[in-house]
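**Student:** So that we are looking at the same thing, I have put the structure below in structure tokens.
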Amino acid sequence: MQPSGTLRRIVAIAFLAVSGVVAAFATIAPNNQAAALPPTMVIVEALTLQAREIPATGQYVQEEQFQRGDTLGGFLGRLGIEESAIPRLVRAPALRALRPGSNVRADLGADGSPRALSFLTGRDTLVKIVPEGERFRAIEEQAAFETRVTMKASVIRSSLFAATDEVGIPDSVAMQLADVFGGDIDFHRDLRKGDRFTVVYEQHHLGGRPVRAGRLLAAEFVNQGRTLRAVHYGSGYYAPDGKNLRKAFLRSPLEFSRVSSGFGMRRHPIQSSWRSHKGVDYAAPMGTRVRAVGDAVVEFAGAKGGYGNVVILRHNGRYSTVYAHLSRIAVRRGARIAQTDTVGYVGQTGWATGAHLHYEFRVAGEARNPLSIALPAAQPLPQQQLTAFGAQAEPLVARLDLLANANLALLD
Ligand SMILES: [Zn+2]
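Just so you know, we're using our numbering here: the sequence shown kicks off at 12 and counts up by one.
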């Protein structure tokens, strides 16, 4: 691994040199005057790697993030664009592609006149708006990402997101991690202090800066002493031995999110045991999305006594699931729905003392404890794909081994 890492660095440096970003860090030739004046250096935060992007003297670059609640006019003002240009720019249709969170770079003349505005869209294209006479013209091109494989590891102390934040793992990777192991781990109830995980994922860079995370390539999760591993292959995730990690049923009916994730590790506010009421209660904020744990047909959707607003799903075989106390129902009776489809939202209708989801898992009409039942698994990889899978999995598993050993050394 060492040689390829070194090689990649050399390639990256060579690439930067060719594309001209290095030239943007202008050096000043020593002379008598320079000794008397404080040193000045123009540092250009390059968004693209084109040599022609480097502003000439008398220009400057400003970068701002478009935020929720920003008006276009106010935002352009914050970018330092001079007032008379703003009303004309606001009319540029390309600016409608701006979303909260977008970073916008403005190349400005010394007087604040816009020379170019550029930003990355959600479609991974780079939009560049340039003046043309009294109006503005937009150019849109595919962003040339450089993708690097990133590895990170962390330990659960309070919640999954606290652990990912601690080491700078992007939210989208945390969500993929919860998804991939969603058939084995109920991320709302099963996490324990001291659980640890490792992720190997794609990080897209533009102009040398990280802009967005891509796919989770491999992961390890040690949950209550049990080690689970996943490797991305084709359109799914498999254990290193080829077992499918997707299950016929998800462990948790609650959508895992930054908002709902903290609830599982807190003391449970509803003390009823499974034995006394044949279900599991999930405390969660009002309005949290409730997902179908498996492919199903909607058997019932409506109000029903103490259950309040309830959805009952019939799955393959003898399985059915119940989702009660919903604030709102999102499906109709008789509808065919898929695993992870929204059935409704957490509420406190019926006999409920606070916002929570009452969830039941039934086998042949009989309520069973979903936390202890063995659930049917999805198909493993077919025999003829195992060789190709092994070749792809091997280097990723080696990275997991490397980090797992490093982690153990740290914990010792
Ligand atoms: Zn309950």
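Ideal placement from N, C-alpha and C gives every residue a C-beta, glycine not left out.
1) Would you report the Cα separation of S169 and F400, rounded to the nearest angstrom?
2) Rounded to whole angstroms, what is the Cα-Cα separation between G225 and L171?
3) Return the CA-CA distance between V101 and F156, expressed in angstroms with no decimal places.
4) In chain order, what residues of the same chain have a beta carbon less than 8 Å from the beta carbon of Y370, not counting five sequence neighbours either side?
5) Taking the alpha-carbon of V115 as reference, which of M162, F77, L414 and G328 has the nearest alpha-carbon?
6) Would you tell me roughly how many angstroms separate the C-alpha atoms of D190 and G355, rounded to the nearest one?
7) Give the secondary structure of A174 by DSSP, where H, G and I count as helix, E and B as strand, and everything else as coil.
8) Return the chain-ordered ranges of every beta strand (DSSP E) run that is complete within the stretch 92-179 and spans a minimum of 3 residues.
9) In three-state DSSP terms, what is D412?
10) Going by beta carbon distance, what residues of the same chain come within less than 7 Å of V309, once the five residues before and after it are set aside?
11) Tell me, please, which residues DSSP counts as bridged to A230.
12) Answer yes or no: the CB of V166 versus the heavy atoms of ligand 1, is any distance below 8 Å?
13) Is V184 a contact residue of ligand 1, with contact defined as CB to any heavy atom under 8 Å?
14) For F86, report the span of its alpha helix (DSSP H) as first-last.
15) Ligand 1 and A335: does the residue's C-beta get closer than 8 Å to at least one heavy atom of that ligand?
16) Count the other CB atoms within 10 Å of the CB of Q282; is the residue buried (16 or more) or exposed (fewer)?
17) Is H369 a contact residue of ligand 1, with contact defined as CB to any heavy atom under 8 Å?
18) Going by the beta-carbon positions, is the gap between A230 and R223 smaller than 9 Å?
19) Leaving aside the five residues before and after R300 along the sequence, list all residues of the same chain whose C-beta is less than 7 Å from its C-beta, in chain order.
20) Considering only the alpha carbon of each residue, which of A185, P125, L411 and G120 lies closest to A103?
21) Would you mind giving the Cβ-Cβ distance between L435 and V184, rounded to the nearest angstrom? I have them listed as a contact below 8 Å.
22) Closer than 8 Å to a non-hydrogen atom of ligand 3 - does that hold for the CB of V301?
23) Between R347 and chain B, is there a C-beta pair that is closer than 9 Å?
24) Of the choices R302, I150 and H288, whose alpha-carbon is the least far from that of I140?
25) Using the Cβ count rule (16 or more neighbours within 10 Å means buried), how would you classify G193?
**Tutor:** This is what the structure gives:
1) Within the sequence shown, the letter at position 158 stands for residue 169. Within the sequence shown, the letter at position 389 stands for residue 400. Cα to Cα, the separation comes out at about 35 Å.
2) What you label residue 225 is simply residue 214 of the sequence shown in a count that begins at 1. What you label residue 171 is simply residue 160 of the sequence shown in a count that begins at 1. If you take the alpha carbons of G225 and L171, they lie about 19 Å apart.
3) Numbered from 1 along the sequence shown, position 90 holds the residue referred to as residue 101. Numbered from 1 along the sequence shown, position 145 holds the residue referred to as residue 156. One C-alpha to the other measures close to 28 Å.
4) As a first step, residue 370 must be located in the sequence shown, where it is residue number 359. The answer, listed in chain order, is P264, G290, V291, D292, Y293, T332, V333, Y334, A335 and P381.
5) The count along the sequence shown starts at 1 and reaches residue 115 at position 104. Residue F77 is the option with its Cα nearest to V115.
6) Residue 190 sits at position 179 when you count from the first residue of the sequence shown. Residue 355 sits at position 344 when you count from the first residue of the sequence shown. Rounded to whole angstroms, D190 to G355 spans 19 Å at the Cα level.
7) If you number the sequence shown from 1, residue 174 lands on position 163. Helix.
8) 114-120, 125-131, 136-143, 146-153 and 157-166
9) Here residue 412 is taken as the residue at index 401 of the sequence shown, counted from 1. D412 falls in the helix class under three-state DSSP.
10) On the sequence shown, position 298 is the one that residue 309 refers to. Correct list, in chain order: V322, L324, V342, R343, R344, G345, A346 and I348.
11) As a working mapping, residue 230 is identified with position 219 in the sequence shown. In the DSSP output, where bridge partners are listed per residue, A230 has V210 and A241.
12) In the sequence shown, residue 166 corresponds to position 155, counting from 1. V166: no, Cβ never under 8 Å from ligand 1.
13) Residue 184 sits at position 173 when you count from the first residue of the sequence shown. Incorrect: V184 has no Cβ contact closer than 8 Å to ligand 1.
14) Position 75 of the sequence shown, counting from 1, holds the residue named residue 86. First-last of the alpha helix (DSSP H) with F86: L83 to R89.
15) Within the sequence shown, numbered from 1, the residue matching residue 335 stands at position 324. Yes; taking the cut-off as 8 Å, the Cβ of A335 has a heavy atom of ligand 1 nearer than that.
16) Along the sequence shown, read from residue 1 onward, the residue named residue 282 stands at position 271. Bear in mind that a pLDDT of 47 at Q282, under 50, signals an unreliable position, so the number given afterwards is only what the model happens to contain. By the 10 Å Cβ count, Q282 comes out exposed.
17) As a first step, residue 369 is located in the sequence shown; it is residue number 358 there, counting from the start. Under cutoff, so the answer is yes.
18) Numbered from its first residue, the sequence shown carries residue 230 at position 219. Numbered from its first residue, the sequence shown carries residue 223 at position 212. Cβ distance not < 9 Å, so A230 and R223 don't count as in contact.
19) Against the sequence shown, residue 300 aligns to sequence position 289. Closer than 7 Å at Cβ, skipping near neighbours: E266, T353 and Y356.
20) Residue 103 sits at position 92 when you count from the first residue of the sequence shown. The candidate whose alpha carbon is nearest that of A103 is P125.
21) This structure cannot speak to residue 435, because the chain is shown only from 12 to 423.
22) Absence of ligand 3 from the depicted structure is noted, with ligand 1 being the only ligands included.
23) No chain B is part of this structure, which consists of one protein chain only.
24) Against the sequence shown, residue 140 aligns to sequence position 129. Taking only the C-alpha atoms, the option nearest I140 is I150.
25) Reading the sequence shown from its first residue, position 182 is the one you call residue 193. Buried.
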